[in-house]
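Every letter in the sequence shown is one number past the one before it in our numbering, and letter 42, counting from 1, is 48.
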Amino acid sequence: MSDITRIDQNARRSRASVFGDLVFLAGQVADTKTADITQQTKEALAKVDDMLARAGTDKSRLLSVQVWLKSMDDFDAMNAVYDAWVVPGDAPTRACGKVELADPAFRIEVIAIAARR
């Protein structure tokens, strides 16, 4: 018997795992690979919202967020979207860095951990 719930699982990964009152999200990326950083950030954060809802929580319960960017030239534009998305007074810890993403069309990937209660 497992006390871990896995959401949207395949042979390689789960998009979210729930253990106790913690929700761990896999990296969320945009659907529109040709979009600019503003649109890709909006799409990735919308997926975070969706996965959190599927796990029984929301962004007000975020504990930690990692933002991976293809280029730090996108930092300010990403932050404009992120700052409007995050719940005022409930900002999680956050790290942001430049990484080589698995698909070069992606400009951003967002990973998060949240509480459920």
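Ideal Cβ positions, reconstructed from N, Cα and C, are used throughout, including at glycine. Values in this document were obtained by computation on a predicted structure and should not be read as measured data.
Out of the options, state which residue places its alpha-carbon closest to the alpha-carbon of residue i.
i, options, result
"R60", "R21, F81, D89, D42", "R21"
"A90", "L107, L51, M57", "L51"
"A121", "A41, P98, D80", "P98"
Any idea what DSSP makes of residue i, helix, strand or coil?
i, result
"F81", "helix"
"L68", "strand"
"A118", "strand"
"L107", "coil"
"A41", "coil"
"D56", "helix"
"A97", "coil"
"D14", "strand"
Within its chain, find whatever has a CB closer than 6 Å to the CB of residue i; leave out the 5 residues flanking it on each side and keep chain order.
i, result
"Q46", "A36, R113, I114"
"G33", "E115, I117"
"K76", "L107, R113"
"D27", "A121, R122, R123"
Cβ of residue i less than 7 Å from any chain B Cβ?
i, result
"L28", "In the structure shown, chain B does not exist; there is a single protein chain."
Quick one: is residue i buried, meaning 16 or more other Cβ sit within 10 Å of its Cβ, or exposed?
i, result
"T6", "Look at the range of the chain in this structure, 7 to 123, and you will see that residue 6 is not part of it."
"G103", "exposed"
"M78", "exposed"
"D80", "buried"
Assuming residue i and residue j form a contact by the criterion Cβ under 8 Å, report the distance between their Cβ atoms to the nearest whole angstrom.
i, j, result
"Q72", "A101", "5 Å"
"T44", "A83", "5 Å"
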